[in-house]
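Oh and the sequence shown: position 109 is 535 in my numbering, straight run, nothing missing. Quick reminder that beta carbons are idealized off the backbone N, C-alpha and C, glycines included. What follows is a short report on a single structure.
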Amino acid sequence: MGISRKISKAMEASSWIRKMFEEGAQLKKEKGAENVYDFTLGNPITEPPKAFEDKLKALLAADTTPGTHAYMPNSGLVGVREKIAAYLKAQTGLPYAFNHITMTVGAAGGLNVTLKALLDPGDEVLALSPFFVEYGVYADNHGGILKPVPTTEAFLPDLEKLAAAITPATKALIINSPNNPTGVVYPKEVLTALGDLLVKASQKVGHAIYLISDEPYRKIAFDKTEVPYPSLFYKDTLLITSHSKDLSLPGERIGYIAIHPESTDAQALATATNFTNRILGYVNAPALMQRVVADLQEEPADVAGYQEKRDLFYPALTAFGYEIVKPKGAFYLFPKAPGGDDVAFVNHLKKYDILAVPGTGFGTPGYFRLAYCVRNSIIEKSLDGFKKAIEDLA
Ligand SMILES: Cc1ncc(COP(=O)(O)O)c(C=O)c1O
Numbered sequence: 427m428g429i430s431r432k433i434s435k436a437m438e439a440s441s442w443i444r445k446m447f448e449e450g451a452q453l454k455k456e457k458g459a460e461n462v463y464d465f466t467l468g469n470p471i472t473e474p475p476k477a478f479e480d481k482l483k484a485l486l487a488a489d490t491t492p493g494t495h496a497y498m499p500n501s502g503l504v505g506v507r508e509k510i511a512a513y514l515k516a517q518t519g520l521p522y523a524f525n526h527i528t529m530t531v532g533a534a535g536g537l538n539v540t541l542k543a544l545l546d547p548g549d550e551v552l553a554l555s556p557f558f559v560e561y562g563v564y565a566d567n568h569g570g571i572l573k574p575v576p577t578t579e580a581f582l583p584d585l586e587k588l589a590a591a592i593t594p595a596t597k598a599l600i601i602n603s604p605n606n607p608t609g610v611v612y613p614k615e616v617l618t619a620l621g622d623l624l625v626k627a628s629q630k631v632g633h634a635i636y637l638i639s640d641e642p643y644r645k646i647a648f649d650k651t652e653v654p655y656p657s658l659f660y661k662d663t664l665l666i667t668s669h670s671k672d673l674s675l676p677g678e679r680i681g682y683i684a685i686h687p688e689s690t691d692a693q694a695l696a697t698a699t700n701f702t703n704r705i706l707g708y709v710n711a712p713a714l715m716q717r718v719v720a721d722l723q724e725e726p727a728d729v730a731g732y733q734e735k736r737d738l739f740y741p742a743l744t745a746f747g748y749e750i751v752k753p754k755g756a757f758y759l760f761p762k763a764p765g766g767d768d769v770a771f772v773n774h775l776k777k778y779d780i781l782a783v784p785g786t787g788f789g790t791p792g793y794f795r796l797a798y799c800v801r802n803s804i805i806e807k808s809l810d811g812f813k814k815a816i817e818d819l820a
């Protein structure tokens with residue numbers, strides 16, 4: 427076969443969501459889409475806000491300046507980066523300026539650009555399990571090795587386990603709050619302790635351990651839960667985000683990296699991410715989308731819509747006996763798999779036309795993920811199946 431052995435292996439290992447998606451497509455063909463309860467994909471249900479459409483139309487109507495569609499600095503348009511820096515400065519009080527911002531092809535692009543800039547072959551990247559499944563392949567893309575570190579029962583960082591996992595080869599730690607797949611939000615106390623741990627560990631290993639804070643769900647937080655900025659608790663932080671989830675623009679591939687202004691080598695990081703954006707072949711983030719989102723930084727996400735879905739789903743499932751850490755943000759539930767075997771239980775759910783993803787796909791067997799960014803009626807109609815599925819195992 428012409429495909430590289432490494433890629434074939436990686437495809438096999440990271441295929442859970444794809445596998446479930448394909449099985450879902452087949453089931454929908456057989457039963458009709460409205461009769462299949464598909465909770466596999468984190469594709470936002472809400473349409474982009476009206477402000478997005480207005481801004482897009484205004485830009486298209488007004489844009490006659492020569493060079494509008496030309497190549498640009500690889501880190502993105504200076505005016506756009508100035509606006510994002512001003513927004514982050516107002517949010518955090520940190521002195522962000524345009525040169526700390528690199529516009530990227532979504533958060534995925536931002537993660538790859540960052541890891542490419544940081545990693546030497548064999549460097550270790552820590553991630554707290556369960557984690558977004560692509561982190562492993564992204565680290566490997568750039569010669570790194572992903573080392574999962576288990577979290578507590580509440581899916582918060584386990585500081586002892588984290589400290590024990592750090593070695594001189596540790597280059598970075600990736601965190602993600604609000605979290606995919608658990609919906610957990612890291613509170614201030616946790617981030618304070620995490621920051622202290624990283625300061626001490628960096629001193630011990632003799633180099634900065636970078637905190638890569640993957641924050642695409644920042645604006646989707648429920649019950650007025652505060653989502654503190656990890657950058658406020660540790661200076662060697664790279665904030666990575668996108669507008670895939672908050673503005674429902676995953677197909678437009680727009681996001682950014684914000685380098686902490688007081689980070690070790692902040693300027694070198696800015697120069698390096700400018701370069702890695704280019705050499706990874708992104709060259710720069712999509713020009714039109716950069717200009718659109720520059721003025722939408724204050725735009726809220728549809729928090730009420732997602733909270734309504736959580737409040738439909740979480741209490742019903744817990745009443746049936748599912749054990750779930752109550753999510754405070756994002757749009758996922760990560761229940762324990764009744765019976766303990768996540769793959770077996772996800773297969774069992776198919777009997778009731780319910781599609782979910784086993785926790786194994788997130789580095790955490792024994793659980794399963796439900797992406798509830800679906801119509802309320804899908805949640806409501808699925809409940810009977812969830813009830814029967816757990817009763818079957820009683
Ligand atoms: C935790 C997390 N990080 C990164 C991404 C990638 O986001 P984007 O589509 O902006 O590249 C996702 C997408 O689902 C995600 O859940």
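Where does the unbroken beta strand (DSSP E) through Glu-550 begin, and where does it stop? Your numbering for residue 550 matches position 124 in the sequence shown. First-last of the beta strand (DSSP E) with Glu-550: 550 to 555.
In terms of residue numbering, what span does the beta strand (DSSP E) encompassing Ala-589 cover? Taking the sequence shown and counting its residues from 1, the one referred to as residue 589 is at position 163. Unbroken run through Ala-589 is the alpha helix (DSSP H), 585 to 591; no beta strand (DSSP E).
Contact test: Gly-532 Cβ vs ligand 1 heavy atom, cutoff 7 Å: Counting from one through the sequence shown, the residue named residue 532 turns up at place 106. Correct: Gly-532 has its Cβ closer than 7 Å to ligand 1.
Identify, in the order they occur along the chain, each residue of the same chain with its Cβ nearer than 7 Å to the Cβ of Thr-577, setting aside the five sequence neighbours on each side. Reading the sequence shown from its first residue, position 151 is the one you call residue 577. The answer, listed in chain order, is Leu-554, Ser-555, Pro-583 and Asp-584.
Leaving out five residues before and five after Glu-806 in sequence, what residues of the same chain have Cβ atoms less than 8 Å from its Cβ? The residue given as residue 806 occupies position 380 in the sequence shown. Excluding positions up to five away in sequence, the list reads Leu-738.
Skipping 5 residues on each side, what residues in its chain have a beta carbon closer than 6 Å to that of Gly-681? If you number the sequence shown from 1, residue 681 lands on position 255. Closer than 6 Å at Cβ, skipping near neighbours: Thr-530, Gly-532, Ala-533, Gly-536, Thr-667 and Ser-668.
Please identify the residue among Leu-743, Ala-511 and Leu-809 whose C-alpha is closest to the C-alpha of Pro-421. Absent from the model: residue 421. The displayed extent of the chain is 427 to 820, so no value can be given.
On a CA-only basis, which of Leu-544, Val-772, Val-729 and His-526 is nearest Ala-692? Give me that one, please. Position 266 of the sequence shown, counted from the first residue, corresponds to residue 692. Comparing Cα-Cα distances from Ala-692 to each of Leu-544, Val-772, Val-729 and His-526, the minimum goes to His-526.
Output the distance between the C-alpha atoms of Val-653 and Tyr-612, rounded to the nearest integer angstrom. Counting from 1 along the sequence shown, the entry for residue 653 is found at position 227. Counting from 1 along the sequence shown, the entry for residue 612 is found at position 186. Going by the C-alpha atoms only, they are around 7 Å apart.
How many Å lie between Arg-736 and Thr-491 at the Cα? In the sequence shown, the residue the question calls residue 736 occupies position 310. In the sequence shown, the residue the question calls residue 491 occupies position 65. The alpha-carbon atoms of Arg-736 and Thr-491 are separated by roughly 46 Å.
Integer-rounded CB distance, given that Leu-485 should sit under 8 Å from Gly-704: Position 278 of the sequence shown, counted from the first residue, corresponds to residue 704. Position 59 of the sequence shown, counted from the first residue, corresponds to residue 485. The sequence shown places Arg at residue 704, not Gly. 25 Å between Cβ atoms; not a contact.
Quick one: does the C-beta of Asn-386 sit closer than 7 Å to a heavy atom of ligand 1? The structure shown does not extend to residue 386, since the chain is modelled only from 427 through 820, so no value can be given for it.
Which residue from Tyr-748, Asp-480 and Pro-784 puts its Cα closest to that of Tyr-793? Translated into the one-based positions of the sequence shown, residue 793 becomes position 367. Checked all of Tyr-748, Asp-480 and Pro-784; the closest Cα to Tyr-793 is Pro-784.
Taking the continuous alpha helix (DSSP H) assigned at Lys-752, which residues delimit it? Along the sequence shown, one-based indexing puts residue 752 at 326. No alpha helix (DSSP H) contains Lys-752, which DSSP labels as neither H nor E.
Exposed or buried, Pro-741, counting other C-beta atoms within 10 Å across all chains shown (16 or more means buried)? Working through the sequence shown from its first residue, we reach residue 741 at position 315. Classification for Pro-741: exposed.
Output the distance between the C-alpha atoms of Ala-730 and Phe-760, rounded to the nearest integer angstrom. As a first step, residue 730 is located in the sequence shown; it is residue number 304 there, counting from the start. As a first step, residue 760 is located in the sequence shown; it is residue number 334 there, counting from the start. Computed Cα separation, rounded: 20 Å.
According to DSSP, what are the bridge partners of Lys-650? Sequence index remark: in the sequence shown, residue 650 carries index 224 (1-based). In DSSP, Lys-650 forms no bridge with anything.
Flag this pair as yes or no: are the beta carbons of Lys-457 and Asp-779 separated by less than 8 Å? Numbered from its first residue, the sequence shown carries residue 457 at position 31. Numbered from its first residue, the sequence shown carries residue 779 at position 353. Contact flag set, yes.
Beta-carbon contacts of Val-616 that lie in its chain and below 7 Å, excluding the five residues immediately before and after: Start at 1 with the first residue of the sequence shown, and residue 616 comes out as number 190. Only Leu-582 and Pro-583 meet the Cβ criterion.
Nearest to Gly-677 (by Cα), restricted to the options Gly-468, Glu-460, Ile-433 and Lys-435: Within the sequence shown, residue 677 is the residue found at index 251, counting from 1. Measuring from the Cα of Gly-677, the nearest candidate turns out to be Gly-468.
I'd like the span of the alpha helix (DSSP H) that includes Met-446, first residue to last. The sequence position of residue 446 within the sequence shown is 20, counting from 1. Note, Met-446: alpha helix (DSSP H), 442 to 457.
Let me confirm a value: Val-504 is counted as buried when at least 16 other C-beta atoms fall within 10 Å, else exposed. Which label applies? Locating residue 504 in the sequence shown gives position 78, counting from the first residue. Per the 10 Å Cβ criterion, exposed.
Over what stretch of residues does the beta strand (DSSP E) that includes Val-575 continue unbroken? Reading the sequence shown from its first residue, position 149 is the one you call residue 575. Note, Val-575: beta strand (DSSP E), 571 to 576.
Look at the alpha carbon of Gly-570 and the alpha carbon of Ile-638, and state the distance between them as a whole number of angstroms. Here the question's residue 570 lines up with position 144 in the sequence shown. Here the question's residue 638 lines up with position 212 in the sequence shown. Approximately 14 Å, taken between the alpha carbons.
Here's the rule I'm using: 16 or more other beta-carbon atoms within 10 Å means buried, otherwise exposed. How should Lys-597 be labelled? Residue 597 sits at position 171 when you count from the first residue of the sequence shown. So Lys-597 counts as buried.
Sort Arg-795, Pro-470 and Leu-572 by Cα distance to Ile-646 and report the nearest one. In the sequence shown, the residue the question calls residue 646 occupies position 220. When each option's Cα is compared against that of Ile-646, the closest is Pro-470.
Would the C-beta of Asn-602 count as close to ligand 1, meaning under 7 Å from any of its heavy atoms? Numbered from 1 along the sequence shown, position 176 holds the residue referred to as residue 602. Indeed, a heavy atom of ligand 1 lies less than 7 Å from the Cβ.
Can you list, in chain order, the stretches of the alpha helix (DSSP H) that have 4 or more residues and sit fully within the stretch 760 to 796? 768 to 775
Within 10 angstroms of the Cβ of Thr-494, are there 16 or more other Cβ atoms? Answer buried if so, exposed if not. As a working mapping, residue 494 is identified with position 68 in the sequence shown. Classification for Thr-494: exposed.
Suppose contacts are defined by Cβ-Cβ distances below 8 Å. Is Gly-502 in contact with Ala-684 by that definition? For this step, residue 502 is matched to residue 76 along the sequence shown. For this step, residue 684 is matched to residue 258 along the sequence shown. No; because the gap between Cβ atoms is not below 8 Å, this pair is not in contact.
Short check: CB of Phe-648 to CB of Lys-515, under 8 Å? Taking the first residue of the sequence shown as 1, we reach residue 648 at position 222. Taking the first residue of the sequence shown as 1, we reach residue 515 at position 89. Contact: no.
Distance, Lys-762 Cα to Gly-609 Cα: On the sequence shown, residue 609 is found 183 positions in, with the first residue counted as 1. On the sequence shown, residue 762 is found 336 positions in, with the first residue counted as 1. Straight-line Cα distance between these residues: approximately 14 Å.
Taking the beta strand (DSSP E) that Met-498 belongs to, which residues open and close that run? As a first step, residue 498 must be located in the sequence shown, where it is residue number 72. That residue, Met-498, is in no beta strand (DSSP E); it is neither H nor E in DSSP.
Selected residue, minimal CA-CA separation from Thr-663, among Asp-672, Glu-641 and Ser-674: Counting from one through the sequence shown, the residue named residue 663 turns up at place 237. Selected option, being the one with the closest Cα: Glu-641.
Could you tell me the alpha carbon to alpha carbon distance between Ala-543 and Tyr-564, rounded to whole angstroms? Reading the sequence shown from its first residue, position 117 is the one you call residue 543. Reading the sequence shown from its first residue, position 138 is the one you call residue 564. When rounded, the distance between both Cα atoms is 12 Å.
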